[in-house]
Amino acid sequence: MKRSFFNSRSRPKFSLSQKWVLCTLNLIVLLVSLNSQTLAAKRLSLSFGIIQRSISIESLAFYARTGKLNNELKTYFQYAPKEKLTELRQVLITPIPLTNVEISQFLYTPIGENLLEKLENIIQGESRGVKIRGTSRSAGFYAMRAALILAASDSKEFTILDILEKFPSNKISIDLARSLEIALEVRSLINQTRKAIKLINKESQEEVNTNIATDISEILAANLRKSGNYSWQKSTISLVDPNRSRNFSADVYLPKVDRESPVIVISHGLGSDRTSFVYLAQYLASHGFVVAVPEHPGSNAEQLEALLSANTDKITSPEEFIDRPLDIKYLLDKLTSLSRTDPLFKGKLNTQQVGVVGQSFGGYTALALAGAQINVEQMNKTCSSLDDSLNVSLLLQCLAYNLNQSEYNLFDPRVKVAIAINPITSSVFGRDGFNQIRIPVMIISSSLDKIAPALPEQIKPFTWLQTQNKYLALIDGGTHFSTIAESPDATVPLPSNVIGVSPELAQNYIQVLSNTFFQAYVNSNANYRRYLDNGYINTISREALPLSIVRSLDLDRKKK
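Numbering-wise (the UniProt record's numbering), the sequence shown opens with residue 1 and increments by one.
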């Protein structure tokens, strides 16, 4: 069997298909770190209004590679805090494990081009503002792309220092005023998120203090934290949907029980695959659920590997926002058929009682099946001003704006419960699309998520929900990648600051929350609801990665 958790003795690793995430993160880091210093091809010009200063690349490169300031930099950086200089050096020399072919493929996608446009607003060469004839792009856009590709040409990995050294211009100008605006925007978002997290923690503790003590079974509470008593069998089925010319596979975990069991479907995120949540599939099967894990072919690891190897020019297509929910609908149809005809499945599964859990793009998928509706009007507002946003998830969400139709009904009445981990929601659904959900929903958010930021993508959207049974769980200190298991095809270590602390603990939280929620609302076992309040959550929460849960939230309260 594959490993369920990250090995605490080794660094988590990700496959080739997920390297582009590292590139995106490093470009965003570059974008927001230029509010005080950076470097250029030969000279770097820092401008703030009419004030300009120039620094040689040789001096800054010497500092980046040795950690020592020469006389020129001592003049500029004498008042800079030591920790900020250390951060600057780390940004400049952090490796980005992409080849020139891989980075080139990424930068020619709509998402990559949007990132280049953001960088161009800050970093400008001598040909700033000059438009290239026959295109809508400026010379600076192409210079930035060339610098990235050239930097990646020298070795298997490159750094931001390499990028700026390769910039095809004798002088680069950095607009400190604009970069300061961005830095302030980032700081404002961080402060707002911290206030929201503080409010969640406060309200969760008030809930503990005001609720009548519940009779929690210590035996059951302990059992929730470990695998169940049922053995299970894994089968892989192949699916061919002729209406969409869509071929894909799904792993099905069948618990060995003498009854029909509810079905739980797990939807992976962009660039992941069926192995990403194998630890959760095995755990839920051991507790008596049939678990089905489809591979979404238009947004899985194979799709991104095709991009990086120049076999496609898309990270994913707008149609994937429709195909993903339809994959699960078709999978449920197939399982229903198998439960009537195939001896292995006959009498084993109840496809009318279904729960869906998904992460990131999979979180979107789960919510769409739960009744959230694609909101073209909201995307029209959001996606017209992407250059002003640092929310990376909008680059993906706004692909849905290019869908052919304005209305889609992706709700499936067989789905009784949905859990969305780090979902993308704010633009593709918006308030009006999100509040169409009527079934029980749990949203799980990570406070340090830089891909789908907690406040705009999960915390605020939670307050839009109108359904009676709704829960918001917060993993304080978790990241976008904390709950994703190590890929068996891993080749490249994901930096520890991207993974976050104690991923094995975050994954155990996901197991307990999912099992408890599905037992309570798919199996309709009311006894489990008592394990969905902070009286129990406090018993499993650990200081390294605090966990809290609320059923309602008034964000206006933090303003009072």
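Note that CB positions come from ideal geometry on N, CA and C, so glycine has one too.
The structure presented is a predicted model; accordingly, all values stated were derived computationally and were not measured.
Counted within 10 angstroms of its Cβ, other Cβ atoms place residue i as buried (16 or more) or exposed
| i | result |
| --- | --- |
| leucine 553 | buried |
| proline 97 | buried |
| aspartate 258 | exposed |
| residue 648 | Lying before the first or after the last residue shown, residue 648 is absent from the chain, which here runs from 1 to 560. |
| serine 267 | buried |
| arginine 324 | buried |
| leucine 344 | exposed |
| valine 522 | buried |
| threonine 193 | buried |
| asparagine 229 | exposed |
| serine 548 | buried |
| alanine 526 | exposed |
| tyrosine 364 | buried |
| leucine 503 | Position check: residue 503 holds proline in this sequence, whereas leucine was assumed. Buried. |
| threonine 236 | exposed |
| asparagine 71 | exposed |
| serine 496 | exposed |
| serine 17 | The predicted position of serine 17 is uncertain, since its pLDDT is 41 and thus under 50; a value taken from the coordinates is nonetheless stated next. Its Cβ being crowded by 16 or more others within 10 Å, serine 17 is buried. |
| valine 415 | buried |
| valine 240 | exposed |
| proline 81 | exposed |
| glycine 271 | buried |
| threonine 382 | buried |
| tyrosine 531 | buried |
| aspartate 162 | buried |
| glycine 298 | buried |
| alanine 370 | buried |
| asparagine 515 | buried |
| arginine 145 | buried |
| aspartate 449 | buried |
| glutamate 486 | buried |
| alanine 544 | exposed |
| lysine 314 | buried |
| serine 385 | exposed |
Segment limits, alpha helix (DSSP H) that includes residue i
| i | result |
| --- | --- |
| threonine 86 | 82-93 |
| arginine 324 | 320-341 |
| leucine 395 | 393-397 |
| valine 501 | Taken as a continuous stretch (DSSP letters only), valine 501 belongs to no alpha helix (DSSP H), as it is neither H nor E. |
| serine 548 | Segment 547-550 is the beta strand (DSSP E) holding serine 548; no alpha helix (DSSP H) there. |
| threonine 66 | 57-66 |
| alanine 151 | 139-153 |
| leucine 69 | Counting along the chain, leucine 69 falls outside any alpha helix (DSSP H), and DSSP gives it neither H nor E. |
| threonine 539 | 534-540 |
| serine 286 | 278-286 |
| leucine 115 | 110-120 |
| valine 522 | Note, valine 522: premise wrong, no alpha helix (DSSP H); not H, not E. |
| residue 564 | For residue 564 there is no data in the structure shown, the boundaries of the chain being 1 and 560. |
Bounding residues of the beta strand (DSSP E) (the contiguous stretch that carries residue i)
| i | result |
| --- | --- |
| asparagine 350 | 349-359 |
| asparagine 247 | 246-255 |
| proline 262 | 261-267 |
| alanine 292 | 290-294 |
Beta-carbon separation (whole angstroms), residue i vs residue j, contact threshold 8 Å
| i | j | result |
| --- | --- | --- |
| isoleucine 443 | phenylalanine 462 | 5 Å |
| glycine 269 | phenylalanine 361 | 5 Å |
| proline 456 | asparagine 391 | 6 Å |
| alanine 452 | serine 393 | 4 Å |
| valine 290 | leucine 254 | 6 Å |
| isoleucine 484 | arginine 225 | Rounded, the Cβ-Cβ distance is 20 Å, inconsistent with contact. |
| lysine 329 | serine 339 | Lysine 329 to serine 339, Cβ: 16 Å. No contact. |
| asparagine 247 | aspartate 273 | That pair is no contact at about 15 Å. |
| valine 356 | valine 265 | 5 Å |
| isoleucine 322 | tyrosine 401 | So it is not a contact: roughly 13 Å between Cβ atoms. |
| lysine 460 | leucine 555 | 7 Å |
| isoleucine 439 | alanine 418 | 7 Å |
| glutamine 468 | asparagine 422 | Actually they do not touch by this definition, with Cβ atoms about 24 Å apart. |
Beta-bridge partners of residue i, as assigned by DSSP
| i | result |
| --- | --- |
| phenylalanine 158 | Ile96 |
| aspartate 241 | Arg246 |
| glutamine 233 | Leu254 |
| residue 563 | Because the chain in this structure spans residues 1 to 560, residue 563 falls outside the shown range and cannot be described. |
| lysine 346 | Paired residues: none, contrary to the question. |
| asparagine 300 | Ser272 |
| serine 309 | Answer is none; serine 309 lacks a bridge partner. |
For the region 415-492, which segments carrying the beta strand (DSSP E) assignment without a break, of at least 3 residues, lie completely within its bounds, in sequence order?
415-421, 441-446 and 470-475
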